[in-house]
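The next block holds one structure in the form of structure tokens; read it before the comments.
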Amino acid sequence: MRAAFRGLVGVAVLLLLWELLSNSDLVPPGYIPPPTVIGATLVRLLLDGVFVYDVIASVLAWAIALGVAIAVAVPLGLVLGSVPAVRRATRTVVELMRPIPSVAMIPLAILLFGGGPEAKIVLAVYASVWPILFNTIYALDELDEQLVDTARAFGTSKPRIMATVALPSAAPFVMTGIRTAAAIALIVVVSTELLAGATLGLGQFILTASSGGGRMDLVFAGTVVAGLIGYLVNAGLEWVQRRFFAWGARTGETV
Amino acid sequence: MRRLRSAASGWIVLLVLVVLWETATRIAGSLYFPPPSQIAETARQMWFSGPVSSLFLTDVVFEDLFASVARMLGGWAIAGVLGVALGVLLGRSATAMDYCGPIISFLRAIPPPTLVPVFLALFTLGTPMQLATIVFGTIWPILLNSVDGARSVDETKTETARAFRVSTVDWIFGVVLPAASPKIFAGLRISLSLSLVLMVISELVGSTEGIGYRLLYSQRQYDFPAMWASIVLLGVLGFLFNTGLSAIERRVLAWQPAHRQAALAAGTGA
Amino acid sequence: MSTMLEVTDLGHRYGDHTAIDRLSFTVAAGELVCIVGPSGCGKSTLLRTLSGLVASTTGHVALHGDEVRGVPDDLAVVFQDYSRSLFPWLTVQRNVEFPLKRKVSRAERRARAAEALEWVGLSGAGAKYPWQLSGGMQQRVAIARALAYRPALLLMDEPFASVDAQTRFELEDLLLRVRREHDTTILLVTHDIDESVYLGDRVLVLSKSPATIVANLKVDLPAERDQITTRESDTFVALRAETARLLHGGGTVRPRVQADPEGVAARFLAAERAEQAAQASKRHAAQN
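Residue numbers (my numbering), protein chains in the order written: chain A, 2 to 256; chain B, 1098 to 1367; chain C, 2 to 289.
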């Protein structure tokens, strides 16, 4: 309760300082609009339908990309994590592929897919597969031998062990991977929109606002919305992790 | 011996894949997907056909690669210093964290590329804007992991340090920082991959040099082998930085029991 | 003998809960005093107020005549949990040197640490990390660290409660040897009756929470003690029984067998433990 109050005080103080700063002579007028102006712009934008479409386009692309990445990476991670031979054989390829930043493929994706949603979805999938994949493999490495032996002692079959022992105990780690992936996917979606001159999306909105006469209030409003989406997504996933995977005390690093 | 064999099998699989890639691209004959042999040849001409005096490296290497790497590592280092300093401070003060927590959660959720236009307006095109983008984008994992790490100093260590009246400097550099170091390294590792991503983005948006600029330039010239060479180069860079940081990490965190070292293997990529 | 520690009317309260209530006692220079009390009676709080880690609510603590406010300069503490009190990122040698950084030069630190490690029989282990040592050895490092600090008073908070029985005996004897050789003043807090009698020149018996001092027993055993002969001597057995009675009988010297079934059980357990301890020490003796 006290923490929540202090948090509000912190935000209020920041907004106040920002308001004073942007009205002062320290920054050139118009570069950093005060929060009151940004707030007013934001309200106007949200009432205006077009901006909402942009937001929906970005969020939808992000959600599809994350869903596909989970569907690809979790089964793949389970296979790589539980069949050592396959993992050894693919290690070099994986190690060489994973550091390629997905944003490096933005120019290629623009040519291949144009400004439609396919480009950003494909790139976001590529980017978000890795954290989920690695966390799943890592989770299986951490699997408690005793749990498996217990299940084996009761005559449980291998696929059943996979479903009833390995998957649940891996779940907290996988969730951590998904949270990382969610953050990265959002970055990639917005970047692609920003760079590819997409037809719809938050990134495209910000690009237009900044290039067409430098409407910084619009840019900041878009940024605030992007931040809010990221914040809500992360808070939601954190809640899911706490609610359903609370037994996993060690779930890797903060993302 | 087993490790040798497993490494060998990995390289064999890689070789097979490259051969498959070569065959597939040759058969398909797509303009967008040149065969790897052509990419390699372009890379050689672009970067390794220079005079002996500069170790066969061409001017392009010095202009693009060094500029990019310097910006990336510079931004990452600034974020590292700021993030660790702020993180340790906030981690040792629950009150300060109460006040700043929500602001940090919000700021780190902002996809950094959306701020590129703001940084473009505030700073000029080029290095300052790019540094700002990289620092803003990479500071959060370092900051939050430092907070976590600084918090993790247990009661007994706190009391031991107080009972022996350890000086403030020794307390921070001798107790808090080492206790937080595994977490700090985790944050640094995430941020290093992010800094590569943001370096590329910032160069794609506004730059006249660098790997990202080269990438966009090749695309506009429809020079796809050159574009692919840049993509591969970025992958190699990412791999090298990751390996380098892991080596440093193993050395710095050598005091950790062996089983905890394994936990460091899991990483991220973007 | 001069007074090293003087405690007057010391009390500590957390909100409504009184942890310790008006304690007064003294520790003479060179003395080893054990404070024994039931679990949860506020022993740890007492130790923390004595060391200045926690400010007391009432009363005074004076170390060699100086009023204690905050942690005094020449006081060392050995905590129960060696796995936490040692710094895992420092080698054994550096762990011992660490608190000396404020006080003495680098060369002097090295020399003192090496010397203290020799006292506890860990000369060869200086370059190792704590996790590479057994629990007993880690606690010896913590003791060496405290000794190298050359404290006027060494406070020990259940120092041997986290090691196995045999190691405990070794460490007890090590502590007796070290304090004899180096004339250290020690105040040791424990819940173990046998240990308090075996180690102490005096035993202060605390009551249940809020802790008050029930008795101040002089331990009339020879300075040279031995895990087997001392523990089977009549004096030891009598002192142990008296301490146990005081501890569980709430102050009456005579046992209240009928009225206090909990005390009976506790005494039974204590007797059983003593038996196990005697057996363990025999094993230990047989091994050497």
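For glycine and all other residues, C-beta sits at the position ideal for the given N, C-alpha and C. Note that the structure is a prediction, hence the values are computed from the model and not measured.
Handout entry: Closest Cα partner of residue 1278 of chain B within the set B:1266, B:1258, B:1199 and B:1245
Key = B:1245
Exercise for the section: Would you tell me roughly how many angstroms separate the C-alpha atoms of residue 1165 of chain B and residue 31 of chain A, rounded to the nearest one? Expected result: 31 angstroms
Handout entry: Own chain residues within Cβ distance below 6 angstroms of residue 38 of chain A, not counting five before or after
Key = 218
Exercise for the section: Please decide whether residue 1111 of chain B counts as near chain A, where near means a Cβ-Cβ distance under 7 angstroms. Expected result: yes
Problem - residue 205 of chain C Cβ short of 6 angstroms to the ligand GDP heavy atom set - result: With respect to the ligand GDP, the structure offers nothing, as it holds no ligand at all.
Handout entry: CB of residue 179 of chain C within 7 angstroms of CB of residue 36 of chain C, strictly
Key = no
Exercise for the section: Using beta-carbon positions only, say whether residue 237 of chain C and residue 230 of chain C come within less than 7 angstroms of one another. Expected result: no
Practice task
Have a look at residue 177 of chain C and residue 165 of chain A and give me their C-alpha separation to the nearest angstrom.
Solution key: 56 angstroms
Problem - residue 219 of chain C in three-state terms, based on DSSP - result: strand
Problem - Nearest to residue 23 of chain C (by Cα), restricted to the options C:127, C:112 and C:213 - result: C:213
Practice task
Give, in chain order, every unbroken run of the beta strand (DSSP E) that is at least 3 residues long and sits entirely within the region 79-119 of chain C.
Solution key: none
Problem - Cβ-based burial, residue 71 of chain A [other Cβ within 10 Å; buried from 16] - result: buried
Practice task
Answer yes if the region 1229-1247 of chain B comes into contact with the region 69-87 of chain C, meaning at least three C-beta pairs across the two stretches below 8 angstroms, and no otherwise.
Solution key: no
Handout entry: Three or more C-beta pairs below 8 angstroms linking the region 1216-1223 of chain B and the region 234-242 of chain A
Key = no
Practice task
Taking only beta carbons into account, state which residues of the region 1209-1235 of chain B come closer than 9 angstroms to chain A, listed in chain order.
Solution key: 1209, 1210, 1211, 1212, 1213, 1214, 1215, 1217, 1218, 1219 and 1234
Practice task
Quick one: residues in its chain with C-beta nearer than 8 angstroms to the C-beta of residue 194 of chain C, no 5 flanking neighbours on either side, listed in chain order?
Solution key: 37, 241, 244, 245, 248 and 271
Exercise for the section: At 7 angstroms on the CB atoms, spell out the chain A contacts of residue 1324 of chain B, in chain order. Expected result: 108 and 109
Practice task
Could you tell me whether the Cβ of residue 95 of chain A comes closer than 7 angstroms to any Cβ of chain B?
Solution key: no
Exercise for the section: With 7 angstroms as the threshold, decide whether the Cβ of residue 192 of chain A is near any Cβ in chain B. Expected result: yes
Problem - Neighbourhood of residue 1247 of chain B by C-beta, 6 angstroms cutoff - its chain only, sequence neighbours within 5 removed - result: 1185, 1188, 1189, 1273 and 1277
Handout entry: Distance CB(residue 131 of chain A)-CB(residue 99 of chain A) smaller than 7 angstroms
Key = yes
Exercise for the section: To the nearest angstrom, report how far apart residue 1263 of chain B and residue 1285 of chain B are at their CA atoms. Expected result: 28 angstroms
Exercise for the section: For the beta strand (DSSP E) containing residue 229 of chain A, list its first residue and its last residue. Expected result: Taken as a continuous stretch (DSSP letters only), residue 229 of chain A belongs to no beta strand (DSSP E), being part of the alpha helix (DSSP H) at 217-245.
Problem - 6 angstroms CB neighbourhood of residue 125 of chain A in its chain, flanking five on each side removed - result: 66, 186, 189 and 190
Exercise for the section: Please name the residue in B:1108, B:1143, B:1110 and B:1114 whose C-alpha comes closest to that of residue 1321 of chain B. Expected result: B:1143
Practice task
Can you tell me which of B:1173, B:1152 and B:1119 puts its alpha carbon nearest to the alpha carbon of residue 1287 of chain B?
Solution key: B:1173
Exercise for the section: Using a Cβ cut-off of 9 angstroms, pull out every chain B residue sitting near residue 224 of chain A, in sequence order please. Expected result: 1207, 1208, 1211, 1212, 1214 and 1215
Exercise for the section: Let me know the secondary structure DSSP gives residue 2 of chain A once reduced to three states. Expected result: coil
Practice task
Reducing DSSP to helix, strand and coil, say where residue 165 of chain C ends up.
Solution key: coil
Handout entry: Residue span of the beta strand (DSSP E) that contains residue 59 of chain C, given as start and end
Key = 59-64
Problem - Alpha carbon of residue 69 of chain A to alpha carbon of residue 1330 of chain B, nearest angstrom - result: 27 angstroms
Exercise for the section: Reducing DSSP to helix, strand and coil, say where residue 1241 of chain B ends up. Expected result: helix
Problem - Interface flag, residue 252 of chain C vs chain B, CB-CB below 7 angstroms - result: For residue 252 of chain C, the predicted structure reports a pLDDT of 46, less than 50, and the residue's modelled location is therefore unreliable. The matter cannot be settled from this model.
Problem - Beta-carbon spacing of residue 41 of chain C, residue 20 of chain C below 7 angstroms - result: no
Exercise for the section: Drop a sphere of 10 angstroms on the beta-carbon of residue 84 of chain A, count the other beta-carbons inside from all chains shown, and report buried for 16 or more, exposed for fewer. Expected result: exposed
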